[in-house]
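Working notes, structure below.
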Amino acid sequence: MAGIVGYGAYIPRNRIKVEEIAKVWGADAPGYKKGLMLEEKSVPSPDQDTISMSVEASKRALKRAGIDPREIGAVYVGSESHPYAVKPSGTVLAEAIDATPDVHTADLEFACKAGTEGMFIALSLVQAGAIKYGLAVGADTSQGAPGDALEYSAAAGAAAFIFGKDGLVAESVDTYSYTTDTPDFWRREYQYYPQHGGRFTGDPAYFKHITGAARGMMARVKMKPADFDYVVFHQPNGKFPLRAGEILGFTKKQIEPGWLVPKLGNTYSGSSPLGLTATLDIAKPGDMILVVSYGSGAGSDAFVFKVTKRIDEVRDLAPRTRFLLDNDKNYLEYGVYAKYRRKIRKAE
Amino acid sequence: MRDVVAIGVGMTKWGELWEKSLRTIFVETALLAIDDAGVDRIDSMVVGCMSSGLFVGQEHLGSMLADYLGRIPVPAARVESACSSGGLALRQGFIEVASGISDIVLVGGVEKMTDLTGCETTFALGTAADQEYEGFHGLTFPGLYAMMAVAHMHKYGTTREQLAQVAVKNHDNGSKNPLAQFPFKVTVDAVLNSVLVADPLRILDCSPITDGAAAVVLCPAEMARKLKKPAVRITGSGQATDTIALSSRQDITWLESTHLAAQKALAMAGRKIEDLHLFEVHDCFTIAEIMVTEALGIAERGRGGRAVEEGLTSLKGRYPVNPSGGLKAKGHPVGATGVAQAVEVIKQLRGEAGERQVKGAKRGLTQNMGGTGGSSVVHVFEAD
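So the protein lines, in turn, are chains A and B.
Using this note's numbering, the letters of the first sequence correspond one by one to residues 210 to 557.
Using this note's numbering, the letters of the second sequence correspond one by one to residues 4 to 387.
Below you can see the structure in the form of structure tokens.
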């Protein structure tokens, strides 16, 4: 049986509130807060990027896994904000955690589901017996165009998972993927900010794929919503995952532990993976967890995990996700935020 | 002039129809109308569409839609008069049958609006305003109607709550219309606390962006008698223009084109406004319905707000306005709206309007308007 042997989260300490962004654009803050169920979002510091956050999260995953990094046979970084267009993020990460050179590395990109793609592949290689351990990270310093609805949610964070066959904290029961060609959100080469299809990103995109993947997954494992202790959906805003849960028949109680978005924002490739780290933080041995990611374009990956006894030994070997979310916050004004996010053009 | 009757209507569920293209939406609806009419041919078709060029990059609609309906080589025309394109299509179809040029005419209206971003849609709609004097200076339709609302409130004491009551009434009616885009009720509080669009208008004062189509089959009265179909006569048709720039109007609280079009249609029908039992009017914004009821003579000038407050225009009032839910709840696929108004009145006069049926309705009126009233088309319908 393969599964997760260690997991780690990283969230930058900077935050900006919805009101602070709305003030600058003359937008209706209460409307955004109510409509999107968002209060604030995380912001990376100027010296932070997808790679540095991946390293932080992976080190924490290694602490919980308690393995020798040189036994990691594959390192995958899923992100839509890889710092380089050409040059991998994964090599820097593999080097930083001392996993080189006997390691396969790849950078993945699939809007907000690149993180779970890496998890899917790393887990599969472990199951196939090709590698002993595989590391997969979902990380993003996501971009929303100034003044666009996305600016209120585009946040930063990373989650890392090490997959293996021994010392499991959660067994993988099964996986399922649901993919169609649905262009709801995209960014072409050399474009700085993504474009999106507005309300088209809802029903025909997010909800179709999330519910399609969740139903397909539950059918494969012959389980129904009530059989799960927790469920994590991709969380582009506060409202979507709650509505997805409602449609499928999950309760708010099942969703809430992994529902970080009102205070975190949408960490894109890190979004559902961070929901899973937060859920593992509070899960008990035997708990069943359903995870469904979503990436625009579009597709969803679904996982069913069964938590093992080892969770109690490892959960406090690294900071819990909620601790990172709730402590040591540094609130930014829009001007500093604009500087940090390189929205201000300076002299060459 | 021959007497003209409507013998078939068609409409499908309106909304964000992402899985359907303009031609699919139109053809599904047109086939419903042709089936309803029970005819085996059409001699001509007229389609109202405001801006398929900007919305989906497709012009030359007459031929394309005739082709996809399997009806080439019938003559087909696409007519445009901004948001009154549908009403104008009905008028052209009416003229064609009345004149004897064609016997069976399919009148359709269609618009596919949700393939664009909000900004692109706002721009496309904005082309119905005067681009040189309004559009280029940043005015959009919510902005123009907001100015009309502010002027009406200032001049006549119309209240913010009265505007909200138009939305509440139309959503009440729309909740009884399964084909409506938003078939649910709203409260005055919900309207007053909804997102501000252009002061004083909030999002629940505005009609939505909608994909949809509607179709009606017309023929001469003598042919309908042979077909033995429930026929509704079109007894009056009136159209009038006005300046499309709001700044050129004598009075921005008064819709002269609607007033004149209604006078002409009523005169042709030989009816007074008091003779009519229901009204489908152009409530693109809540203030528009208030001003339309005044221009039609349902309410005195300046008393349109009071009329809705007192329940005069509610489903069970003396003058039921927008039993279908209006543009507000039913949706507003701009080119289809005028035809859908006719579909509703015809259904009502045939007694087929279900829960929202106006009891004993024998005569009804449609009022369809382009821009801020730069064009208006009014029709009077009567049950046989």
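C-beta atoms are modelled at their ideal positions from N, C-alpha and C, and glycine is treated no differently.
Interface residues of chain A facing residue 21 of chain B [CB-CB closer than 7 Å]:
409, 413
Proximal residues, the region 234 to 252 of chain A versus chain B, C-beta separation under 7 Å
So the close ones are 237, 240.
Secondary structure of residue 224 of chain A, DSSP reduced to three states:
strand
Based on the DSSP output, what are the partners of residue 513 of chain A in its beta bridges?
Residue 513 of chain A pairs with A:383, A:499.
Neighbourhood of residue 539 of chain A by C-beta distance below 8 Å, restricted to the same chain and skipping five residues each side:
Within the same chain, and ignoring the five residues on either side of residue 539 of chain A in sequence, the residues whose Cβ sits closer than 8 Å to its Cβ are 222, 223, 224.
If you drop the 5 nearest sequence neighbours on each side, which residues of the same chain put their C-beta closer than 7 Å to that of residue 213 of chain B?
17, 18, 116, 184, 334, 335, 336
Rounded separation between residue 410 of chain A and residue 101 of chain B - CA only:
48 Å
I'd like the list of long-range same chain contacts for residue 264 of chain A, defined as Cβ closer than 8 Å, with 5 residues on each side in sequence excluded.
301, 302, 305, 306
At a Cβ threshold of 8 Å, is residue 281 of chain B touching chain A?
no
Would a check of beta-carbon distances place residue 400 of chain B closer than 8 Å to chain A?
Look at the range of chain B in this structure, 4 to 387, and you will see that residue 400 of chain B is not part of it.
Assuming the contact rule is C-beta atoms closer than 8 Å, residue 447 of chain A and residue 247 of chain A should be a hit. Round their C-beta distance to whole Å, please.
The C-beta separation of residue 447 of chain A from residue 247 of chain A comes to about 6 Å, placing the pair in contact by the 8 Å criterion.
Any residues in the region 111 to 124 of chain B with a beta carbon nearer than 7 Å to a beta carbon of chain A? Which ones, in chain order?
120, 121
Start-to-end residues for the beta strand (DSSP E) that takes in residue 223 of chain B:
Taken as a continuous stretch (DSSP letters only), the beta strand (DSSP E) holding residue 223 of chain B covers 215 to 223.
Give me the residue from B:222, B:291, B:156, B:322 with the minimum Cα distance to residue 45 of chain B.
B:222
Jot down the residue ranges of each uninterrupted beta strand (DSSP E) in the region 251 to 334 of chain B, minimum 3 residues, whole runs only, in chain order.
Counting only runs of 3 or more, we get 281 to 283.
In whole angstroms, what is the alpha-carbon distance linking residue 294 of chain A and residue 285 of chain A?
16 Å
Uninterrupted beta strand (DSSP E) stretches inside the region 335 to 411 of chain A (no shorter than 3 residues):
342 to 350, 365 to 373, 379 to 391
Since residue 41 of chain B and residue 158 of chain B are thought to touch, with beta carbons under 8 Å apart, how far apart are those beta carbons, to the nearest angstrom?
The Cβ separation is near 51 Å, so there is no contact.
How many Å lie between residue 519 of chain A and residue 321 of chain A at the Cα?
30 Å
So, residue 479 of chain A versus residue 353 of chain A, is the Cβ gap smaller than 8 Å?
Using a Cβ distance threshold of 8 Å, residue 479 of chain A and residue 353 of chain A do not count as a contacting pair.
On the criterion of 16 or more Cβ atoms from any shown chain inside 10 Å, does residue 209 of chain B qualify as buried, or is it exposed?
buried
Quickly, what does DSSP pair residue 240 of chain B with across the bridge? List them, please.
According to DSSP, which records beta bridges pairwise, residue 240 of chain B is partnered with B:382.
Start and end residues, beta strand (DSSP E) containing residue 281 of chain A:
281 to 287
Roughly how many angstroms separate the alpha carbons of residue 244 of chain B and residue 121 of chain B, rounded to a whole number?
29 Å
What distance in whole Å lies between the Cβ atoms of residue 285 of chain B and residue 371 of chain B, which are believed to be in contact at a cut-off of 8 Å?
Right, their Cβ atoms sit about 6 Å apart.
Excluding five sequence neighbours on each side, which residues of the same chain lie with their C-beta closer than 7 Å to the C-beta of residue 336 of chain A?
Contacts found: 211.
Indicate the three-state DSSP secondary structure (helix, strand or coil) for residue 185 of chain B in the structure shown.
coil
Leaving out five residues before and five after residue 249 of chain A in sequence, what residues of the same chain have Cβ atoms less than 7 Å from its Cβ?
224, 225, 226, 227, 472
Run the CB neighbour count on residue 391 of chain A, radius 10 Å, all protein chains shown included, and call it buried at 16 or more, exposed below.
buried
If I measure Cβ to Cβ from residue 278 of chain A and keep anything under 8 Å in the same chain, skipping five residues before and after, which residues do I get?
Residues 271, 306, 307, 308 of the same chain have their beta carbon placed closer than 8 Å to that of residue 278 of chain A, with the five preceding and five following residues left out of the count.
List, from N- to C-terminal side, the alpha helix (DSSP H) runs of 4 residues or more that fit wholly inside the region 9 to 72 of chain B.
25 to 40, 55 to 59, 64 to 71
Rounded to the nearest angstrom, what separates residue 112 of chain B and residue 82 of chain B at their Cα positions?
Distance from the CA of residue 112 of chain B to the CA of residue 82 of chain B, rounded to the nearest whole angstrom, comes to 9 Å.
Can you tell me whether residue 535 of chain A is helix, strand or coil according to DSSP?
helix
For residue 313 of chain A, which residues of its own chain have a beta-carbon under 6 Å away from its beta-carbon, when the five flanking residues on both sides are left out?
283
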